[in-house]
Amino acid sequence: MILSRTKPAVGGDAPIGLNEKKNKSRTKKIPDLEEYLQQRDYLGALTLLEFQRDVGEREEHADLWMGYCAFHLGDHKRAMEVEKAECPVEVWVYLACTMFLLGLYKEAEEAASKAPTSPLQNRLLFHLAHKAELKNLMDISSCSFEFAKELIRHNLVVFRAGEGALQVLPPLIDVIPEARLNLVIYYLRQDDIQEAYNLIKDLVPTTPQEYILKGVVNAALGQEIGSRDHLKIAQQFFQLVGGSASECDTIPGRQCMASCFFLLRQFEDVLIYLNSVKSYFYNDDTFNFNYAQAKAALGNYRDAEEVFLLIQSEKIKNDYVYLSWLARSYIMNQKGRLAWELYLNMGTSSDAFALLQLIANDCYKMGQFFYAAKAFDALEKLDPDSNYWEGKRGACVGIFQLILAGRESREMLKDVLPLLRSSGNPQVEYIIRTLRKWAKENRVALS
1 MILSRTKPAV
11 GGDAPIGLNE
21 KKNKSRTKKI
31 PDLEEYLQQR
41 DYLGALTLLE
51 FQRDVGEREE
61 HADLWMGYCA
71 FHLGDHKRAM
81 EVEKAECPVE
91 VWVYLACTMF
101 LLGLYKEAEE
111 AASKAPTSPL
121 QNRLLFHLAH
131 KAELKNLMDI
141 SSCSFEFAKE
151 LIRHNLVVFR
161 AGEGALQVLP
171 PLIDVIPEAR
181 LNLVIYYLRQ
191 DDIQEAYNLI
201 KDLVPTTPQE
211 YILKGVVNAA
221 LGQEIGSRDH
231 LKIAQQFFQL
241 VGGSASECDT
251 IPGRQCMASC
261 FFLLRQFEDV
271 LIYLNSVKSY
281 FYNDDTFNFN
291 YAQAKAALGN
301 YRDAEEVFLL
311 IQSEKIKNDY
321 VYLSWLARSY
331 IMNQKGRLAW
341 ELYLNMGTSS
351 DAFALLQLIA
361 NDCYKMGQFF
371 YAAKAFDALE
381 KLDPDSNYWE
391 GKRGACVGIF
401 QLILAGRESR
411 EMLKDVLPLL
421 RSSGNPQVEY
431 IIRTLRKWAK
441 ENRVALS
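FYI, full-length UniProt numbering numbers position 232 of the sequence shown as 232, with every residue one higher than the one before it.
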């Protein structure tokens with residue numbers, strides 16, 4: 001069941017006069033930039049700055065503050081573009097930080113060298129130096145350097161997107177705390193959800209990152225094995241993070257609330273949170289997959305179709321959940337042919353059979369009887385002892401009715417007759433004789 005979003009009732013304060021209402025409305029204070037920054041509400045601060053820019057009331061150094069907010073929201077490309085504007089010399093080190101996080105190490109070093117000496121510059125140059133020096137450090141054979149070597153090996157796995165994880169990380173689980181978390185992430189990316197769960201099930205989370213990761217693992221396992229208990233645990237972890245004062249206005253916090261409501265199937269609330277951060281995830285396949293599902297669940301199939309088609313990941317595009325939602329969106333948008341083509345490209349599998357059932361029933365419901373008939377025909381051939389004949393018969397009669405109403409081409413009868421002949425039901429001959437008689441009387445060629 002999809003629960004509607006409800007607003008809290010207005011409190012029981014005593015009525016006030018019209019003039020007093022006006023005065024109170026005038027004295028309501030809009031939060032200023034400093035308040036947003038103190039609360040770490042960088043999205044709110046950025047929205048305020050953009051609004052002030054649009055109405056011509058710019059803060060001092062507004063461009064720099066916009067870059068600062070974009071940086072803390074993880075939008076490093078936008079932060080870098082803002083910081084390229086004419087600005088004080090100290091901004092070179094901020095620009096270098098954004099380049100570093102975008103993987104532009106050479107450019108980051110060049111930018112940092114133009115900045116005045118500062119603790120931030122020193123720290124950045126230290127991290128940049130670690131990038132040309134890691135191999136040399138690994139070659140040091142001193143016993144006293146053993147822990148540093150383990151840390152470097154761990155970090156190299158992270159830098160290389162999990163390459164060598166199974167060789168490096170397991171021995172480091174009790175040595176480097178992050179090793180366990182990164183190994184869990186590796187197993188999730190490999191779809192080995194049970195191993196990920198085994199690693200994290202006894203971990204008592206203390207940081208938002210640990211709560212989020214444990215929530216993700218429980219959600220994945222709950223969906224895989226159909227466990228309501230695991231899904232409930234995941235929902236609670238997501239709600240703890242998304243509802244916390246420190247994370248509620250961060251992008252991960254809003255994603256957590258979206259995930260919480262997704263598991264509760266409250267899709268109106270899901271869209272409220274996803275809409276608030278979608279500008280940061282336009283090309284993110286996982287975000288678009290969840291966003292499109294929420295749109296479709298609320299019946300907004302036109303938008304859902306557009307978002308589904310933005311997804312590039314072959315792994316997602318071969319997932320039955322994606323295929324079934326996209327097929328339903330096509331059908332609800334009167335594009336039954338595209339849904340049928342999805343089935344033709346699937347091959348033979350239990351998922352293909354399930355998609356056939358979806359196409360047959362949804363096309364029938366939406367009056368797209370030709371593709372409903374084709375789907376019921378395929379189902380009847382796969383399972384002759386079922387009652388799919390009744391669905392095919394109804395769809396074929398539906399096509400004939402559309403032809404009589406002038407909403408389908410008369411020539412479509414040529415495609416209907418082979419579908420009927422492929423059935424061994426005794427009712428077939430009577431229906432065919434009726435169609436042939438009408439075709440003869442109306443001079444419609446059937447061959």
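The C-beta atom is built at its ideal place from N, Cα and C for all residues, glycine as well. Fair warning: this is a prediction, and the values are worked out from it, not measured in the lab.
The beta carbon of W389 is closer than 7 Å to those of E380, S423 and N425 in its chain, skipping five residues each way along the sequence.
In this structure, DSSP gives A115 a state outside helix and strand, which the three-state scheme calls coil.
DSSP assignment within the stretch 309 to 374 yields the following whole alpha helix (DSSP H) runs of 4 residues or more, N-terminal first: 314 to 317, 320 to 332, 336 to 344 and 350 to 365. Remark: C-beta atoms of A165 and L172 do not approach each other more closely than 8 Å. Counted as a single uninterrupted DSSP element, the alpha helix (DSSP H) harbouring S259 occupies residues I251 to L263. Taking all protein chains shown into account, T98 has 16 or more neighbouring C-beta atoms within 10 Å of its C-beta and is therefore buried. Cβ neighbours of I331 within its own chain (closer than 6 Å, five residues either side excluded): A339, D362, C363 and M366.
With fewer than 16 other Cβ atoms inside 10 Å of its own Cβ, D415 counts as exposed. Boundaries of the alpha helix (DSSP H) around H72: A62 to H72. The stretch 262 to 275 makes contact with the stretch 294 to 314: 3 or more CB pairs, one atom from each, lie closer than 8 Å. The shortest CA-to-CA distance from P418 to any of R407, D383 and D377 is the one to D377. Every alpha helix (DSSP H) of 4 residues or more that sits fully in the stretch 157 to 233 is shown, in chain order, as 165 to 168, 177 to 189, 193 to 200 and 208 to 225.
Look at V270 here: in three-state DSSP terms it is helix. In the displayed model, Q39 falls within coil according to three-state DSSP, outside both helix and strand. Counting the other Cβ atoms within 10 Å of the Cβ of D229 gives fewer than 16, which makes it exposed. Of R254, E314 and F369, the smallest CA-CA separation from L73 is found for R254.
W92 is positioned such that its CB atom lies closer than 8 Å to that of K114.
Around the CB of H127, fewer than 16 other CB atoms lie within 10 Å, so the residue is classed as exposed. Between the C-alpha atoms of V428 and K392 there is a straight-line separation of about 11 Å. Ranking P205, Y187 and T206 by CA distance to the CA of Y197 puts Y187 first.
Taking a cut-off of 8 Å for Cβ pairs, the stretch 245 to 259 and the stretch 203 to 213 touch, as three or more such pairs fall below it.
Here DSSP, grouped into helix, strand and coil, assigns F281 to coil. Residue nearest to Y273 within the set P252, D284 and F289 is P252 (criterion: CA-CA distance). Within its own chain, the residues whose Cβ lies closer than 6 Å to the Cβ of Y320, once the five positions on either side in sequence are excluded, are D351, listed in chain order. I311 sits close to N288, with the two beta carbons spaced by under 8 Å.
Here S329 has A296, Y301, A304 and E305 as same chain residues with Cβ atoms under 6 Å from its own Cβ, once five neighbours each way along the sequence are excluded. For G394, the enclosing alpha helix (DSSP H) begins and ends at Y388 to L404.
For C248, no alpha helix (DSSP H) encloses it, and the DSSP letter there is neither H nor E. One Cα belongs to F100, the other to A108, and the distance between them is close to 5 Å. In this chain, R58 is not harboured by any alpha helix (DSSP H), its DSSP state being neither H nor E.
In the structure shown, R123 falls within a helical segment according to DSSP collapsed to helix, strand and coil. Measuring C-alpha to C-alpha distances from S409 to each of E59, N442, N283 and R189 identifies N442 as the nearest. For L298, there is no enclosing alpha helix (DSSP H), as DSSP gives it neither H nor E.
At a Cβ-Cβ threshold of 8 Å, L43 and D191 do not count as neighbours. Taking 8 Å as the cut-off, the Cβ atoms of I193 and A220 count as close. For R189, the closest C-alpha among the options D383, I316 and S227 is that of I316.
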